[in-house]
Amino acid sequence: MSTAVTDVVVTETHVMPEEHYLNADHSLKSWLLTQDHKRIAILYMLTITFFFFVGGIMASLVRLELLTPAGDLLESDTYNKAFTMHGVMMIFFFLIPSVPATLGNFLIPMMIGAKDLAFPKINLLSWYIFVVGACFGLAAMITGGVDTGWTFYAPLSTTYSNTNVILTAVGILIAGFASIFTGLNFIVTIHKMRAPGQTWFRLPLFVWAHYAASIIMVLGTPVIAITLILVALERGFHIGIFDPRLGGDPILFQHMFWFYSHPAVYIMILPGMGVISEVVTTFSHKRIFGYKAIAFSSVAIAVFGFLVWAHHMFIAGISMYAALIFSLISFLVAIPSAIKVFNWSATLYKGSVRWNTPMLYAFGFIGLFTIGGLTGLFLAALGLDVHLTETYFIVAHFHYVMVGGMVLAYLCGIHHWWPKMTGRLYPELPAKLSALLVFVGFNLTFMPQFILGYLGMPRRYHSYPPEWQVLNVLSTAGASILAIGFLLPMLYLVWSLKYGQVAGPNPWESTGLEWETSSPPPSHNFHETPVVTSEPYNYGEKEGEV
Amino acid sequence: MATRTDPEVHDVGAHGHHAGDEGHHPRHLHHFDTMDQQKDASGLGMWVFLIQEVMFFGGLFCAYLVYRNRFFPAFGAASATLSIELGTFNTVVLIGSSLTMALAVNAAQRGLVKRLMGFIIATMILGTVFLGVKVVEYSQKFEKREIPGQNFCFEPQGGGRCAGVSEAQEKETIPDLLKRYMTGGLGHPPGEPSDSALAHGAASIPGETVTTPEGHSSGEEGPPPLPGGSERQRSMPGSEIYFSLYFAMTGMHALHMIIGMGLMLWLLYNAHKGMYSAAYYTPIENFGLYWHFVDIVWIYLFPLLYLINRHGGH
Amino acid sequence: MMFSKYLPFFPDQASTIAWQVDALYLFLVAITIFFTGLVAAMVLTFSIKYRKEKNPIATQIEGSVPLEIMWSVIPLGIAMVIYVWAAILYFNMERAPKQAMEIYVVGKQWMWKVQHPSGPREINQLHIPVDQNVRLTMISQDVLHSFSIPEFRVKHEVLPGRYTQLWFNANKTGTYHLFCTQYCGTKHSGMIGEIIVMEPAMYQAWLSGGSGEGSLASNGEKLFTSLGCVTCHSGQSGARGPNLAGAFGNPVKLADGRTVVADENYVRESILNPQAKIVAGFGPIMPTFTGQINEESLIQLVAYVKSLQAEKQTTTGAVAGSTTNPNPEPKQGKPTK
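Chains as they are written, first to last, in our numbering: chain A, 27 to 572; chain B, 293 to 606; chain C, 100 to 436.
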């Protein structure tokens, strides 16, 4: 029986459903004015893929420059613009919308059994707002770039930089509203649009994670909005808010900036954790271990995440006693993440594990996120942070969480739900190869940066002492492997659109409402409003039926 | 999770099977099961939006709090320049507009469209009055040069220092001034800010050209000076931050009111078309929440900006 | 240095604090390796042992409260150990010992300017004696900078508008890296320099080989006169400004009833924003010097005000035990221009 079950997916031939959301209408207008959450998700996906590669090109420039100790490839000005635009593009125009605006948009209504999000027009509006904001960002880049770092620290950004700070700030501000609207839509949808029988504790963990992330989007984003407005006003009109020459306090800017930007990393990582919960259960064909622990840990991360912002400022002249408290809470926020990692691992125990591509990405996520999380403890530890902050250790830690964590989770989710979104399967072999390349390339890129950081190499440096060259060369070599790993999916996923095997409604034999409907789903998701009668991940029951 | 269509679980949720069976309302959107669900969702959406607004203004209030503590006397002195009469008048006007808005919602609930339109117009008139008074207040600040930026000048005792506006400046209209701020203010001119072209601070000490023994010529220039005149330099430290916050806070508030006025025009148009009735008035109700929120923000701004120096002690 | 010239793992340990930071770091590295290994082992073992071919039917497990508690409480305990350890270390790093030689640093785009109390000034270099507590008082005259010496494991931001402090005790002679680690604009990576740790005798020789500038305090005194401070702060009874002799480092009673300690930042604020904290018994008559005086001159004034205290206290012998810095009065280099 065992082998037969494995082969079911492959041998059973499916046909594409006659009518689905993709072929409901083919005109450009039907896409640009769509209110279908699935189509908006696709629009978002195309947009952020573009910005991922723009940010990726910037990263390549940075890594190439750092191949040699001397600043020989780029002017220091160009280099500064490259790493700034890398940060701005990746964070504000890729990572923040990545999982929520694409997979979240596509799946949340389906997972809770709704026909759409609560406010489809606002959903479409959010995409347009995002595109307008992103155009500002692109315009800033094309017309000369910006060189303040993605953190826009005053007074460099408000007074001293000669670059397009206002344009970029306005772009981020506008894109921020897209994030607010997405979060608002999710919160209302999850509260009000659940199908009959879909109680809170029957929600998939993906939905819980997005609920927690949405809270941060709604509460945090407006603060960065007003902060960037003040920066733009100060720069444009020379008014005094943060300008030390007028008595203003640049540290206040940092407080306001990190009040959003620290929770923002949880906007980025929480939805990724949601993806992992779905994938781990599906491919071990098993209930999630500790459902409530994972659900509540998401909410705990969202709440505690708002109370740790000043750990970015331990050496910036905040009071020692404030540092003591922010350090403590930073340690506490690590615990819910630890709980999740242990629960995912325990879910595999006595499961029936399949090594499909999404699962490989999930394994990669768990490993890299664990390292990313644990190295966070180094930085929360006050006495050690003094030495490590503002060095490549920070860069490595951040990328372990954001790339090793979030980008892998995004790729994991894309591979997991690709059959649902497109109705077709991608070829497994190149997909597994790309997962491997990403994992290997990533570690080779960022592991040396931990060491560089402890050696004291400051971040955002255009040139560096020659004794650090070997480690930098390793890192650049890893980056080129990573780049191939990221490009490969572009090829086989696009290929699969036309030539991929037809997937059928549930190629992974997953539970979950989104797999009950056809692939790709019809415009209204379900032919009949589903009624939910049991917990999520009820693999045991299905097994019993077989 | 499994889905069943067993009839016994049909009543698990409050939602009906499919909408549109009986009494389908024209405003009922297809993806909601019932009108009630639609109304609930809109209401919750509005509240979440308002929470977002609280955080938005919260950032400004936080900055205010920090600087109010740091520049306690300067904030008091600067606050004393605001017209308490105009501020009070505006507070009354805005509370009045909240009342008319509440009456508009009430009229909508009862399905009285004429009355609804009347109260929306009344709210708009009061809103316009508020903004008009704000324009008067702002222009006074422009005239007295109590506006942050290059022209800033503030002297609590009124010694006439700030009165000395050059003829060119006197002739300048507000749009001219704004234009100059916009064009002159955008960043630095080309070249690096620490170029020696930007004179160093020490040079302005009379009779003290070189304050330190020379020998480090490369390191002698100071920070770029503040753009603007010496009056700006000599203004009370912290006072410019007060006025920056004053304009930022009241400006953001006014922006919300202007957006509100636009939304009211839209509501008025829809009401005129007969879109609202006792069965469907969600937009009116939600806009009412928004307008009250804007009102409440002012209720905080008024004491923080106008009244801080008017207690018994002074 | 640890492994080889080409693949180093640790920077030199060149200060008294360095080994303490390294110890905590190694502890955390061990924790990281252990937990990463544990998770990797769990994931790999389970996913290989229970792969579908071997285990076609999964055993459904809801979860386990004891396990959840275990893997919350144990990490929490470990985290708290690290927290306390690191916090103690941080307090040691942040709180400078009372007895330390003082050096002033001004950061600007894109260089470090160092002023020794006895006169010598340096750019992008800092000469210090070995085995001696050194306290840097730092300020930026433009954007944010950060003063970092990896071999000493110390770092602190340098802010515009406010003095920050950093202390260390270098216990190994040699030349070490100095970096600006807070991104500060175009030539951020050029804002680097050297820390040169010397034997005390060598350091003395270096000091006396200086270019012959007056001490900080004596330069400050000249400014004090030329700016006209002395007319009000004359120190005589009935003067319009408070007497500054002996004021530094002591509590000051303010007109609004508060009491503050007259530290470097207080003196600086009182020059730039005199209205902020008015000493009880005096009127708010002092004009602001904002924009009229640069950071280096401010440091000289602060050093001068400080020296008034030092003069008063040298008799009691309470000043720094440093051999080089008991008295900021010029030791050498008399011929000031």
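A virtual CB, placed ideally from N, CA and C, is assigned to each residue, including glycine.
This one's a predicted model, so the numbers in the text were calculated from it and none came from an experiment.
Below-8 Å beta-carbon distance, residue i vs any chain C residue
i, result
"R65(A)", "no"
"K55(A)", "no"
"E569(A)", "Confidence at E569(A) is low in this model, with a pLDDT of 48, below 50, so the placement of that residue should be treated as unreliable; the coordinate-derived value is given next. Yes, contact with chain C."
"K376(A)", "yes"
Interface flag, residue i vs chain A, CB-CB below 8 Å
i, result
"L596(B)", "no"
"D332(B)", "yes"
"C283(C)", "yes"
"G337(B)", "yes"
"L352(B)", "yes"
"Q432(B)", "no"
Per-residue burial, residue i [other beta carbons within 10 Å of its own, 16 or more giving buried]
i, result
"A122(C)", "exposed"
"G483(B)", "The predicted model places G483(B) with a pLDDT of 32, which falls under 50 and marks its position as unreliable, so this point remains unresolved."
"S102(A)", "buried"
"P362(A)", "buried"
"A144(A)", "buried"
"A494(B)", "Confidence at A494(B) is low in this model, with a pLDDT of 32, below 50, so the placement of that residue should be treated as unreliable; the coordinate-derived value is given next. So A494(B) ends up on the buried side."
"E91(A)", "buried"
"G393(A)", "buried"
"E435(B)", "exposed"
"N349(C)", "exposed"
"S488(B)", "Confidence in S488(B) is poor, its pLDDT being 32 and thus under 50, which makes the residue's placement unreliable; the coordinate value appears in the next sentence. Exposed: under 16 other Cβ atoms inside 10 Å."
"P318(B)", "exposed"
Limits of the unbroken beta strand (DSSP E) element including residue i
i, result
"I344(A)", "Unbroken run through I344(A): none, as it is neither H nor E."
"E293(C)", "I291 to M297"
"H461(C)", "Nothing in the structure corresponds to residue 461(C), since chain C is present only between 100 and 436."
"Q224(C)", "Q224 to P228"
"N232(C)", "N232 to S239"
"K212(C)", "M210 to Q214"
"Q264(C)", "T263 to N268"
"K207(C)", "M200 to K207"
"C283(C)", "Run containing C283(C): none; DSSP gives neither H nor E here."
Among the options, the one whose alpha carbon lies nearest that of residue i
i, options, result
"W521(A)", "T555(A), L500(A) and T448(A)", "T448(A)"
"G292(C)", "T280(C), H276(C) and K153(C)", "H276(C)"
"C12(A)", "L333(A), L350(A) and S303(A)", "Nothing in the structure corresponds to residue 12(A), since chain A is present only between 27 and 572."
"A388(A)", "V306(A), Y452(A) and L354(A)", "V306(A)"
"E363(C)", "E394(C), G176(C), F381(C) and N318(C)", "E394(C)"
"L454(A)", "T185(A), H46(A), W534(A) and L400(A)", "The displayed chain sequence assigns Glu, not Leu, to residue 454(A). Ranking T185(A), H46(A), W534(A) and L400(A) by Cα distance to E454(A) puts W534(A) first."
"W370(A)", "R313(A), I327(A) and H337(A)", "R313(A)"
"G543(B)", "M294(A), I295(A), S287(A) and L256(A)", "L256(A)"
"L371(C)", "Y292(A), R271(A) and S324(A)", "R271(A)"
CB contact below 8 Å: residue i versus chain B
i, result
"Q231(C)", "no"
"N372(C)", "yes"
"M299(A)", "no"
"G308(C)", "no"
"G390(C)", "yes"
"V496(A)", "no"
Residue i beta carbon near the ligand MN (any heavy atom closer than 7 Å)
i, result
"S102(A)", "Of ligands this structure carries none, so the ligand MN is not represented either."
Limits of the unbroken alpha helix (DSSP H) element including residue i
i, result
"P350(C)", "Premise fails: P350(C) lies in the beta strand (DSSP E), P350 to K352, not in any alpha helix (DSSP H)."
"N398(B)", "I376 to Q401"
"F476(A)", "E454 to L481"
Original post:
What residues from the stretch 248-269 of chain A come within 7 Å of chain B, judged by C-beta to C-beta, listed N to C?
Top reply: Those residues of the stretch 248-269 of chain A that come within reach of chain B (Cβ to Cβ, closer than 7 Å) are P248, V249, A251, I252, T253, L256, L259, R261, G262, F263, H264, I265, G266 and I267.
**OP:** Check each residue of the stretch 245-257 of chain C: if its Cβ is closer than 7 Å to any Cβ of chain A, include it; give the result in chain order.
**Re:** Listed by position, the residues of the stretch 245-257 of chain C near chain A (Cβ gap below 7 Å) are S245, S247, P249, R252, V253, K254, H255 and E256.
**OP:** Would you list, in chain order, the members of the stretch 307-322 of chain A that have their beta-carbon closer than 7 Å to a beta-carbon of chain C?
**Re:** So the list reads S310, H311, K312, R313, F315, G316, Y317 and A319, given in the order they occur along the chain.
Original post:
When you check each C-beta in the stretch 355-387 of chain B against every C-beta of chain A, which residues fall closer than 9 Å?
Top reply: Within the stretch 355-387 of chain B, the residues whose Cβ lies closer than 9 Å to some Cβ of chain A are A355, V358, Y359, R362, F363 and A366, listed in chain order.
Original post:
What are the residues of the stretch 521-536 of chain B that lie near chain C, defined by any Cβ-Cβ distance shorter than 9 Å?
Top reply: Cβ contacts with chain C come from S522, R524, Q525, R526, S527, M528, P529 and G530.
**OP:** With 7 Å as the limit, tell me which residues of the stretch 141-158 of chain C have their beta carbon closer than that to any beta carbon of chain E; keep them in chain order.
**Re:** Absent from the structure: chain E. Protein chains present are A, B and C.
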